[in-house]
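Residue numbers (the UniProt record's numbering): 1 to 339.
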Amino acid sequence: MFSHKLRPEVLETLKTLGEKAKEKADSTRAHSGRMLLGIKDFMPELIGGSADLTGSNCTDLKEPSFQVANRSGRYIHFGVREHAMIAMANGLYHFGCMRPFCATFLNFVTYGWGAVRLAALSKCGVLVVATHDSIELGQDGPTHQPIEVLALCRATPNLIAIRPADGTEVAGAYAVWLRDELKRVTVLSLCRSSVPVLQGSSFDGVIKGAYVLSDFENNGKKKVVIAGSGSEVHFCVEAKKLLTNNWDVRLVSMPCWTLFDEQPAEYRNQVLCLSERRQGKVLTAYVEAASPFGWEKYFDVHVGLPTFGGSAPAKALYEFFGFSPANIAKRIEEFQAPF
1 MFSHKLRPEV LETLKTLGEK AKEKADSTRA HSGRMLLGIK DFMPELIGGS
51 ADLTGSNCTD LKEPSFQVAN RSGRYIHFGV REHAMIAMAN GLYHFGCMRP
101 FCATFLNFVT YGWGAVRLAA LSKCGVLVVA THDSIELGQD GPTHQPIEVL
151 ALCRATPNLI AIRPADGTEV AGAYAVWLRD ELKRVTVLSL CRSSVPVLQG
201 SSFDGVIKGA YVLSDFENNG KKKVVIAGSG SEVHFCVEAK KLLTNNWDVR
251 LVSMPCWTLF DEQPAEYRNQ VLCLSERRQG KVLTAYVEAA SPFGWEKYFD
301 VHVGLPTFGG SAPAKALYEF FGFSPANIAK RIEEFQAPF
């Protein structure tokens, strides 16, 4: 345990749970909770808790809590103290025989950002479970909607931000955290509401940061690559159906920009058609309910959130801000000038 070596049963369990996740739609936070429960018996070193959001974060280990009278407890009730929570997780990791996780809403990760940054700086491989990761947390309004947080995480050295689109990708994200030999912080960005099971989703694809969900038909039509992450990927799937009369569409799930950036140039070019994009032969689009800062590196069409969110039911907010299959298709159709 002191070396943080991983037992083979852990990865086997994650792969099994990833396959089982294909049986029904659910929120990625709920899938995450199942991963924690699935691996805990093979990881006595697993310890963690939530900043007073256990039910919302789905992080209950069904274990006795750590208390003054019970120092063997594995679940820690940190209270509403995000900075202290993450700082304590850092200390547990550096002690050497524990794999700590902590949990809050994605927007509240910034309340503990000093500790997150120090974890990245000091090569502290903690897991931050960050739920309620978009404007779907509607009625609580823009104070709870993490528009800029993903961009901040992606810009931070030695930090991996992963935003899985379904249960299979959640399992892959846990594998990334546990197998990462660079001792990086992992921020797991998870949605509140149920998302569909994705045809073609891949456990191993998460490790590469992005991968093809469904490919071109090579039918002679104009080509577009539509990529996305998390709870917006299923909008991309539906948008493809609206575009098939005029476009040949490749769908890409891109749960982790950092891991994708680390892939060989050949793989990155293969997935996003970067050479063809530079030649004006392929259009690329990215969909995510977050700030589009930095997306121009790979994408032409940005369906993102350059503003703060709003207060309304999730469905109304998605429609208002343009996160719908119809608007994604419209934005791509309107970007025909280079062709």
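C-beta atoms are modelled at their ideal positions from N, C-alpha and C, and glycine is treated no differently.
Relative to Asn57, the option among Phe308, Thr244, Gly205 and Phe101 whose CA is nearest is Phe101. Taking each of Leu36, Glu82 and Lys5 in turn and checking the Cα distance to Glu63, the smallest one comes out for Leu36. In this structure Asn107 is buried. Its beta-carbon is surrounded by 16 or more other beta-carbon atoms within 10 angstroms. Bounds of the alpha helix (DSSP H) holding Tyr267 are Ala265 to Leu272. Collapsing the DSSP output to three states places Tyr298 in coil. Here Glu288 is near Ser229, since their CB atoms are less than 8 angstroms apart.
With fewer than 16 other Cβ atoms from the protein chains shown falling within 10 Å of its own Cβ, Asn218 counts as exposed.
Between Ala210 and Ser311, the alpha-carbon positions lie close to 32 angstroms from each other.
Going by DSSP, Lys222 is part of the beta strand (DSSP E) stretching over Lys222 to Gly228. Around the C-beta of Phe78, 16 or more other C-beta atoms lie within 10 Å, and the residue is accordingly described as buried.
By a beta-carbon distance limit of 8 angstroms, Val126 contacts Ala89. Their separation comes to about 5 angstroms. Taking C-beta separations shorter than 7 angstroms and ignoring five residues to either side along the sequence, the partners of Ser189 in its chain run Leu106, Ala130, Asp133, Leu150, Ala161, Ile162, Arg163 and Gly230, following chain order. Contact fails between the region 255-267 and the region 275-282, because fewer than three Cβ pairs, one in each stretch, are under 8 angstroms apart. Look at Arg250 here: in three-state DSSP terms it is strand. Here Gln145 is buried, its C-beta having at least 16 other C-beta atoms within 10 Å. Put simply, the backbone Cα of Cys191 is about 31 angstroms away from that of Gly96. Cβ atoms of Val301 and Ala314 stay farther apart than 8 angstroms, at about 23 angstroms. Taking C-alpha positions only, Arg81 is separated from Gln67 by approximately 17 angstroms. With a contact defined as Cβ atoms closer than 8 angstroms, Phe321 and Ile135 qualify at about 7 angstroms. For Ser56, the enclosing alpha helix (DSSP H) starts and ends at Thr54 to Asn57. Residue pairing by DSSP places Phe101 opposite Gly48 and Leu127 in a beta bridge.
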